[in-house]
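Colleague:
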Amino acid sequence: MATIPDDEEMVFEQPCPIRDVLDRIGDQWSLLILETLAPGTLRFNALMREIGDISKQMLSRTLKQLEQDGFITRTLYPEVPPRVEYTLTPLGRSFLEPMQQLVAWADTHHRTIVAARARYQALQEQT
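Each residue of the sequence shown is one higher than the last, beginning at 17 in the working numbering.
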């Protein structure tokens with residue numbers, strides 16, 4: 017029988033705790049999935065429709081990673097055909113407020129960032 021390492025052992029196995037968490041939640045799809053699940057439980061196809069431009073493979077992979085990290089739970093109902101639902105865990109819910117603050121900040125400063133990129137690009141083209 018495999019033993020599960022204690023919390024201290026698991027934390028120190030990671031190269032950098034902050035980077036470890038931010039790499040996972042900061043990928044292209046995780047924030048969108050968490051935001052989409054904020055109102056409540058959804059099935060796979062409903063998530064696909066809400067997000068729009070994500071492939072089935074990428075949605076499946078990202079859901080598994082979010083489940084692995086404890087942000088969501090996956091509930092399989094033994095029906096024909098099987099029904100699978102996804103919902104935020106308490107950990108996932110606790111992340112909504114800081115995530116929404118980040119989204120609001122990005123929305124507020126997007127034009128400034130785009131303008132800075134354009135200025136940078138113009139300077140690069142002059143040299």
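Glycine included, every Cβ here is placed at the ideal spot set by N, Cα and C. Note that the coordinates shown come from a computational prediction; the quantities given were computed from them, not determined experimentally.
Assuming contact is defined by CB atoms lying nearer than 8 Å, are I88 and L79 in contact in what I supplied?
Modeller: Yes, the Cβ-Cβ distance between I88 and L79 is below 8 Å.
Colleague: Exposed or buried, which one is L118 when buried takes at least 16 other CB atoms within 10 Å?
Modeller: It is exposed - the Cβ of L118 has fewer than 16 other Cβ atoms within 10 Å.
Colleague: Express the C-alpha separation of T143 and G56 in angstroms, rounding to a whole number.
Modeller: Taking the straight line from one Cα to the other gives about 52 Å.
Colleague: Out of G108, L139 and C32, state which residue places its alpha-carbon closest to the alpha-carbon of D85.
Modeller: Taking only the C-alpha atoms, the option nearest D85 is G108.
Colleague: Quick one, are the C-beta atoms of L104 and L50 less than 8 Å apart?
Modeller: Yes. Within cutoff.
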